[in-house]
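Visitor: This note's numbering puts the first residue of the sequence shown at 137, with every later residue one more than the last.
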Amino acid sequence: MRILDDIADGKFHPDGPTYARELGIAWHPQAYCELGRHPEFAEAFRRYSQGDAGYGFDFARIWSFALNCDHALSRVQGSVAELGVYRGHSSALLSLYAEKHRRKIYLCDTFEGFPEAHHEEGMGEEAKAAFKDVSLDAVKATVGDYSGNRWVVGSFPQSITAEMRDDRFAFVSIDCDLYEPIRAGLNFFWPRMDVGGMIFIHDYGSGHWPGATRAVDEFCAEHKVAGCLLSDLAGTYALARSAGA
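(1) Distance check for alanine 178 and lysine 276, CA to CA, integer angstroms please.
(2) For arginine 304 and histidine 338, I'd like the C-alpha separation in whole angstroms.
(3) Have a look at Ala167, Ala180 and Cys205 and flag the residue whose alpha-carbon is nearest the alpha-carbon of alanine 374.
(4) Arginine 157 to proline 317, Cα distance in whole Å?
(5) Among all the DSSP beta bridges, which residues are the ones paired with isoleucine 241?
(6) Thinking just about the alpha-carbon of each residue, which of Val212, Thr246 and His237 is nearest to the one in glycine 224?
(7) Pull up the CB-CB distance for alanine 208 and glycine 332, whole angstroms please, since I reckon it's below 8 Å.
(8) Below 9 Å between beta carbons: does that hold for leucine 314 and glycine 347?
(9) Kindly give me the distance between the Cβ atoms of valine 279 and serine 227, rounded to whole angstroms, as I take these residues to be in contact under 8 Å.
(10) Given serine 215, which residues of its chain have a CB within under 6 Å of its CB, disregarding the five upstream and five downstream residues?
(11) Hey, out of Leu219, Gly343, Phe201 and Arg211, whose CA is closest to leucine 232's CA?
(12) Identify whether proline 153 lies in helix, strand or coil by the three-state DSSP scheme.
(13) I'd like the ranges of any alpha helix (DSSP H) spanning at least 4 consecutive residues and lying wholly in the region 281 to 345.
(14) For arginine 211, I'd like the list of residues in its chain whose CB is within less than 7 Å of its CB, leaving aside the five on either flank, ordered along the chain.
(15) What residues are listed by DSSP as bridge partners for leucine 375?
(16) What are the residues that DSSP puts in a beta bridge with leucine 365?
(17) Ignore the nearest five residues each way along the sequence and tell me which others in threonine 78's own chain have a CB closer than 7 Å to its CB.
(18) Taking only the alpha-carbon atoms, compute the straight-line gap between lysine 236 and tryptophan 199 and give it to the nearest angstrom.
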């Protein structure tokens with residue numbers, strides 16, 4: 137990962153190698169380090185980083201998922217969903233918390249890359265061909281066999297099932313990069329979020345996927361809602377459902 141090379145070269149800290157070694161300790165919450173809370177985090181981290189150790193360096197994202205999903209599910213009724221599963225790293229983490237709280241989790245993806253209908257003006261051929269290096273069987277092996285997993289295969293929103301349409305939600309991750317599916321995801325999930333539920337939208341602040349930023353900004357302006365940016369590598373935007381929103 138390029139950012140790790142920058143850290144080692146001292147770009148972000150005068151003693152880069154030392155900083156890199158201590159990065160994990162510096163970013164763990166005190167409740168975890170000092171009080172022994174969140175005992176399931178080791179398993180959450182293992183699931184998120186399995187098969188690709190580089191994923192494990194996005195501590196802000198992993199902890200944001202772990203803390204907020206667990207928090208929401210402990211206080212809010214409703215299911216979990218991820219729109220944009222790719223290889224299943226974050227889905228594996230979210231499935232852990234869905235199982236802990238005995239909730240269903242909907243895992244929505246084409247599992248074959250971007251549909252041509254979602255391609256955006258200005259997308260290069262490399263971007264159009266991204267995320268095709270997956271198979272549903274491989275992703276299922278990564279995510280695990282929790283009985284509450286619901287696999288929703290196809291282009292969203294056409295792939296929405298009757299079970300999803302009739303459900304309510306406590307925590308949703310949207311990670312599909314492009315304007316059309318992100319906007320469709322917000323339109324579908326937001327009215328089905330229980331008060332206190334949360335939606336994370338990945339890549340809002342990454343700079344690589346302008347459609348993600350536009351989809352969130354338009355949705356927030358139309359619905360008069362606002363969220364906050366997280367400090368993970370791709371600039372996730374977080375929305376929380378409040379009464380009357």
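The C-beta atom is built at its ideal place from N, Cα and C for all residues, glycine as well.
Guide: Let me lay it out:
(1) In the sequence shown, counting from the first residue as 1, residue 276 sits at position 140. In the sequence shown, counting from the first residue as 1, residue 178 sits at position 42. Roughly 21 Å separates the two Cα atoms.
(2) Along the sequence shown, one-based indexing puts residue 304 at 168. Along the sequence shown, one-based indexing puts residue 338 at 202. Their backbone Cα atoms lie some 21 Å apart in a straight line.
(3) Within the sequence shown, residue 374 is the residue found at index 238, counting from 1. That would be Cys205, whose Cα lies nearest to the Cα of alanine 374.
(4) Against the sequence shown, residue 157 aligns to sequence position 21. Against the sequence shown, residue 317 aligns to sequence position 181. Only weak support is given to the placement of arginine 157: the predicted model assigns it a pLDDT of 44, under 50, and the value that follows is read from those uncertain coordinates. If I take the Cα positions, the gap works out to 38 Å.
(5) For this step, residue 241 is matched to residue 105 along the sequence shown. The partner list for isoleucine 241 (beta bridge, DSSP) reads Val216 and Asn285.
(6) Counting from one through the sequence shown, the residue named residue 224 turns up at place 88. With distances taken between Cα atoms, glycine 224 lies closest to Thr246.
(7) Taking the first residue of the sequence shown as position 1, residue 208 is located at position 72. Taking the first residue of the sequence shown as position 1, residue 332 is located at position 196. That pair is a contact at about 6 Å.
(8) The residue given as residue 314 occupies position 178 in the sequence shown. The residue given as residue 347 occupies position 211 in the sequence shown. Their beta carbons are under 9 Å apart, which means leucine 314 touches glycine 347 by this criterion.
(9) As a working note, residue 279 is residue 143 in the sequence shown. As a working note, residue 227 is residue 91 in the sequence shown. Their Cβ separation, rounded to whole angstroms, is 5 Å, which keeps valine 279 and serine 227 in contact under 8 Å.
(10) Mapped onto the sequence shown, residue 215 falls at position 79. Cβ within range, chain order: Arg239, Lys240, Asp303 and Phe305.
(11) Locating residue 232 in the sequence shown gives position 96, where the first residue counts as 1. It is Phe201 whose Cα lies nearest to the Cα of leucine 232.
(12) Working through the sequence shown from its first residue, we reach residue 153 at position 17. The predicted model places proline 153 with a pLDDT of 41, which falls under 50 and marks its position as unreliable; any figure quoted below should be read in that light. Correct three-state label for proline 153: helix.
(13) 298 to 301 and 315 to 325
(14) Within the sequence shown, numbered from 1, the residue matching residue 211 stands at position 75. Excluding residues within five positions, the ones whose Cβ falls inside 7 Å are Gly332.
(15) As a position in the sequence shown, residue 375 is number 239, starting the count at 1. Answer is Ile335.
(16) The residue given as residue 365 occupies position 229 in the sequence shown. DSSP lists Tyr373 as partners of leucine 365.
(17) Nothing in the structure corresponds to residue 78, since the chain is present only between 137 and 381.
(18) Stepping through the sequence shown from its first residue, residue 236 is reached at position 100. Stepping through the sequence shown from its first residue, residue 199 is reached at position 63. Going by the C-alpha atoms only, they are around 16 Å apart.
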